[in-house]
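Asker: Take a look at the following structure, please.
In the working numbering, the protein residues as written are 20 to 127.
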C-alpha cells in the first residue's frame, strides 16, 4: 500500500463547516472516533467482503467529513483489498487512526 501525503487533520477544513465553534468541532471529532472504532471492530472479523468494503467506505466518508484526509486515503487504498490482505490492511487503518486521534486531541 502506498503512503499518503495528505494531512492527518486539516483543521481549516472542519472549521469551514463548524464556523470555528470549538464545542461543535470536538463533538464531530468524537463522533468520527466512535465511528472509526465501530468500523475497526467490523474490520477485525468481517462477515464477508461486502462487510469489509462497507466498513472501509464508511470510515473513509467519516474521515473526509472532518478533514482526516490521511485516514480517508488509507481506507480508500484498502477498501478493495483481497481477504488475505485484510489483517495487514486493518493494521494500517488502525495505526493511521491512532495517529489521527493524537492530532485531534491536540487540536485547539
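No residue lacks a Cβ here, since even glycine has one placed at the ideal position from N, Cα and C. Nothing here was measured: the structure is a model prediction, and the numbers come from that model.
Go ahead and pull the three-state DSSP assignment for residue 123.
Answerer: helix
Asker: Considering only their Cβ atoms, is the gap separating residue 81 from residue 54 smaller than 7 Å?
Answerer: yes
Asker: Give me the Cα-Cα distance between residue 84 and residue 108, rounded to the nearest whole angstrom.
Answerer: 22 Å
Asker: Would you identify the three-state DSSP class for residue 25, choosing helix, strand or coil?
Answerer: coil
Asker: Using DSSP with H/G/I as helix, E/B as strand and the rest coil, what is residue 39?
Answerer: coil
Asker: Just to check my reading of the structure: residue 119 and residue 33 have Cβ atoms closer than 8 Å, yes? What is that Cβ distance to the nearest angstrom?
Answerer: About 12 Å; that fails the 8 Å criterion.
Asker: Would you tell me roughly how many angstroms separate the C-alpha atoms of residue 105 and residue 51, rounded to the nearest one?
Answerer: 22 Å
Asker: DSSP state of residue 68, grouped into three classes?
Answerer: helix
Asker: Pick out whichever of 86, 77, 38, 56 has its Cα sitting closest to the Cα of residue 122.
Answerer: 86
Asker: Under the assumption that residue 113 contacts residue 59 (Cβ atoms under 8 Å), give the Cβ distance between them as a whole number of angstroms.
Answerer: 6 Å
Asker: When we look at the beta-carbon of residue 44 and count the other beta-carbons within 10 Å, is it buried (16 or more) or exposed?
Answerer: buried
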